[in-house]
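Everything on this sheet refers to the single structure shown next.
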Amino acid sequence: MIELKSPAEIERMHVTGRFVAEVLTEVREIADVGVNLLDLEHHVRGMIDRRGAVSCYWDYAPSFGEGPFRNVICLSVNDAVLHGKPHDYVLRDGDVLSADFAVTIDGWAADSARTFVVGTPAEEDLRLIRATEEALEAAIGAARPGNRVGDVSAAIWAVAREHGYPVSTEFGGHGIGRTMHEDVHVSNKGKAGRGLTLRAGLTLALEPWFCRTTDRIVYDEDGWTIRSADGSRTAHSEHTVAITDDGPVVLTRREDERA
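This is the structure in structure tokens:
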């Protein structure tokens with residue numbers, strides 16, 4: 001069921017979104033060569049506890065995955081792109097790290113992800129990351145009343161094609177509000193003019209993710225961590241967005257993204 005949110009409810013989601021942005025900003029600041037992923041996990045747990053937020057990931061048990069997820073942030077390194085379980089891994093120079101984070105505050109959810117390079121960046125990694133960021137901004141721009149879900153998907157796909165990256169359709173964006181995952185599904189590949197008509201009050205988590213040279217994915221033995229099937233590097237960008245009569249409002253925008 002699709003629930004349209006009132007302006008007051010969107011503002012409550014915005015409160016959550018600001019905290020999500022704060023956490024991802026801090027993760028970016030402290031993730032460095034020599035830092036263990038488990039240290040990042042426990043740092044974020046402390047931030048959640050101090051804020052009185054509730055993790056959307058802890059005990060999450062969808063149809064995919066092996067048992068409940070027992071972490072509060074997804075940390076995916078290099079060829080891992082989605083649902084990476086924090087584990088005993090020390091970050092190395094040049095690692096590509098994707099951090100995906102979602103919580104609720106006072107019953108309202110927000111979800112966001114960012115990818116960055118730890119230490120010395122390779123230009124090809126920066127190009128991949130920039131492509132997902134560009135695709136996300138294109139998707140946000142298409143998230144307007146009267147457009148359709150397919151317009152959002154087509155905007156993401158167009159950017160991927162322009163940069164020469166294949167697109168997997170196995171996971172994509174989704175509705176969000178009282179819970180992390182609500183209707184409607186937003187594929188990262190689609191045709192303009194198709195699908196649900198967007199209306200003011202709809203809130204979506206838009207999340208383009210690309211693998212450099214494949215559209216196929218594989219799972220780790222942990223049942224959660226998703227990697228590119230050919231071992232190529234990956235990137236993932238996500239924001240929670242509210243559709244309003246005045247245009248899209250990004251509820252998880254970080255200070256380092258603001259003009």
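Numbering (UniProt numbering), first residue to last: 1 to 259.
All C-beta atoms in this analysis are idealised placements derived from N, C-alpha and C, irrespective of residue type, glycine included.
- Of the candidates W224, L4, E124 and H236, the residue whose Cα lies closest to the Cα of L136 is H236.
- Per the coordinates, the alpha-carbon of E22 lies some 20 Å from the alpha-carbon of T132.
- In the DSSP secondary-structure assignment, G247 is bridged to T244.
- For a cut-off of 8 Å, the C-beta gap from T225 to S76 is around 7 Å, short enough to register as a contact.
- A straight-line Cα-Cα distance of about 9 Å links A113 and T252.
- DSSP lists W108 as the beta-bridge partner residues of I105.
- With distances taken between CA atoms, I30 lies nearest to G119 out of D88, V20 and G119.
- As the crow flies, the alpha-carbon of Y89 is around 43 Å from that of S6.
- With respect to the 7 Å criterion, V20 and F101 are classified as neighbours on the basis of their beta carbons.
- M13 counts as buried, since at least 16 other C-beta atoms from the protein chains shown sit within 10 angstroms of its C-beta.
- Shown here, G173 sits in a strand according to DSSP, grouped into three states.
- Taking a cut-off of 8 Å on C-beta distances, the region 46–60 touches the region 96–111, as three or more cross pairs fall below it.
- Pairing A138 with V159 gives a Cβ-Cβ distance under 7 Å.
- In the DSSP assignment, the residues bridged to C211 are T234.
- Under DSSP, T252 takes part in no beta bridge, so it has no partner.
- Put simply, of E238, F64, G17 and Y165 the residue whose alpha carbon is nearest the alpha carbon of G223 is F64.
- For K191, the CB contacts under 7 Å within the same chain, skipping 5 residues up- and downstream, are G150 and A154 in chain order.
- The beta carbon of E66 sits closer than 6 Å to those of G223, all from its chain and outside the five residues before and after it, given in chain order.
- Contact between G193 and R148 holds: their C-beta atoms lie close to 6 Å from each other, under 8 Å.
- For S153, the enclosing alpha helix (DSSP H) has its first and last residue at V149 to H163.
- R227: not part of any alpha helix (DSSP H); member of the beta strand (DSSP E) spanning I226 to S228, first to last residue.
- D79 has its alpha-carbon roughly 11 Å from the corresponding atom of D220.
- Beta-bridge partners of V96 (DSSP): V117.
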